[in-house]
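Peer 1:
In our numbering, the protein residues as written are 275 to 523.
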């Protein structure tokens, strides 16, 4: 794991050196005109000189020699040892020969374990499987989960009386249909009310006839048509007599 970390640090250090080289290339005109190191490129010159002795790149050695010819060998020697502290701190950390920190090694190991599905965790940290076991369902929930499901037949007929109830329902339906058939069969045979009973019901009083007496045939036919059967109302003749008596008064 430390070798992997060292390789990652070297890659990051080379990226920093690349940026400083691009900066020197952009400030090439300033380097040619000035005899001393400009403050704007001081960290770039010192960082390149520092990295040239710690990275196996021949081009950096050539750049270091050119800078030594421009600014002096003593200045470049101090930069290689970072005497003045002008080298980038991040570059110093990436090119350091010290062993990486423990937490960084454990972080790399954890990521590698996750990548290859290995159940490894640092000391004092629970794995996902153990956390899942501890955070599982409680005892009551387990009992509910282990309880067998109710069969479909019992859920529909828990007392076993489905057949009886179905038979009773069928009997009731057949009885109701029989009663309905009897009622519909006997309905046309019901006796109709007689005209006499209909006529016996009280009705509105007959209108008063005109003063002129009708003919005997008309009177006879009206008596036969309108005479009540069994009520106490006065006849038409009696009404006519009463009306004539009232006219005489």
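Glycine included, each C-beta is placed from N, C-alpha and C at the ideal position.
#1: My output table needs one value for residue 523: the three-state DSSP class, helix, strand or coil.
#2: Please report whether the beta-carbon of residue 521 lies at a distance below 8 Å from any beta-carbon of chain B.
#3: Within the segment 327-380, note down every full alpha helix (DSSP H) run reaching 4 residues or more, in order along the chain.
#4: What is the rounded straight-line gap between the Cα of residue 338 and the Cα of residue 346?
#5: Can you name the start and end residues of the alpha helix (DSSP H) that residue 397 belongs to?
#6: Any idea if residue 370 is buried or exposed, counting beta-carbon neighbours within 10 angstroms, 16 or more meaning buried?
#7: Is it true that the CB of residue 293 sits closer than 8 Å to the CB of residue 329?
#8: Among the candidates 290, 367, 322, whose CA atom is the shortest distance from the CA of residue 349?
#9: State buried or exposed for residue 372, treating a residue as buried only when at least 16 other CB atoms are found within 10 Å of its CB.
#10: Just verifying my parser: in three-state terms, what is the DSSP assignment at residue 319?
#11: Taking DSSP as the reference, what is the three-state secondary structure of residue 516?
#12: Measure the alpha-carbon distance for residue 342 versus residue 275 and round it to whole angstroms.
#13: State the Cα-Cα distance for the pair residue 303 and residue 389, rounded to the nearest angstrom.
Peer 2: Let me spell this out:
#1: coil
#2: Annotation note: the requested chain B is absent from the structure, which comprises a single protein chain.
#3: 332-345, 347-354, 363-368
#4: 11 Å
#5: Per DSSP, residue 397 belongs to no alpha helix (DSSP H) and is neither H nor E.
#6: exposed
#7: no
#8: Measuring from the Cα of residue 349, the nearest candidate turns out to be 322.
#9: Exposed, because fewer than 16 other Cβ atoms sit within 10 Å of the Cβ of residue 372.
#10: helix
#11: helix
#12: 38 Å
#13: Between residue 303 and residue 389, the C-alpha separation is close to 50 Å.
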